[in-house]
Every structure is written in structure tokens, then in C-alpha cells.
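Working notes, beginning with the structure itself.
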Amino acid sequence: MTITIITICGDPFKWESEITYLAERMTCSGKYCVLTPVIPFIKHPPVGGMFTASEIGRLVDAQRIKINLSSAILVMDP
0 MTITIITICG DPFKWESEIT YLAERMTCSG KYCVLTPVIP FIKHPPVGGM
50 FTASEIGRLV DAQRIKINLS SAILVMDP
């Protein structure tokens, strides 16, 4: 069986539960390996509540790498 790698893109502040639910359902189907935005980290920002420019850059870079590894992306905007 072939597994498709899919990255979910979308605003994790707005769509956290939808992204999490969809990733869970797709992964449980056995047909997909789902890569998601970094939701837990964003929900609990560092002390002081602000990300540094380098932290934001790392999050953006990580999402770009996930997209490059994927066969497809799924943009969440219900």
C-alpha cells in the first residue's frame, strides 16, 4: 500500500480543532502521513508571550520543509 504524505496548512489559532481532527482521521485511515502546523507550541508561547524573530523564522522554515517533503498540501479554511 502506498502512503501519501500531506501537509496541512492553515491558521492554527482559528482552526486548531479542525486541523487536529482532520490529521487524526486521515492518519487513522492508513492512507496518509499527515504533517501539521506546530499547534501545541503556538498555544503556549514562550515566557513573555512573544516569539523572537528567529523563532518565527524557524517555525516558517519548518512548515516550508514539511511542504517540500509532501506529495500534496491541504489548506484549512472551513
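For the sequence shown, position 23 matches number 22 in the numbering used here, and the numbering has no gaps at all.
Where a beta carbon is used, it is the ideal one built from N, C-alpha and C, also for glycine.
Please read all numbers here as calculations on a predicted model, not as lab measurements.
- Message: Let me make sure I understand the geometry here. Which of THR51, ARG57, PRO36 and ASN67 has the alpha-carbon closest to that of CYS8?
- Response: Sequence index remark: in the sequence shown, residue 8 carries index 9 (1-based). By alpha-carbon distance to CYS8, the top candidate from THR51, ARG57, PRO36 and ASN67 is PRO36.
- Message: Tell me the DSSP secondary structure of VAL74 in three-state form.
- Response: Taking the first residue of the sequence shown as 1, we reach residue 74 at position 75. Note: VAL74 maps to strand in three-state DSSP.
- Cβ-based neighbour list, GLU17, same chain, cut-off 7 angstroms, excluding 5 preceding and 5 following: The residue you call residue 17 lines up with position 18 of the sequence shown. The residues are MET75 and PRO77.
- Query: Per DSSP, which one or two residues make a beta bridge with CYS27?
  - Reply: Taking the sequence shown and counting its residues from 1, one reaches residue 27 at position 28. Per DSSP, none; premise fails for CYS27.
- Message: Does THR6 come out as helix, strand or coil in the three-state DSSP assignment?
- Response: Here the question's residue 6 lines up with position 7 in the sequence shown. It is a strand residue.
- Message: Between the alpha carbons of ARG63 and ARG24, how many angstroms are there, rounded?
- Response: Here the question's residue 63 lines up with position 64 in the sequence shown. Here the question's residue 24 lines up with position 25 in the sequence shown. Cα-Cα distance, rounded: 23 angstroms.
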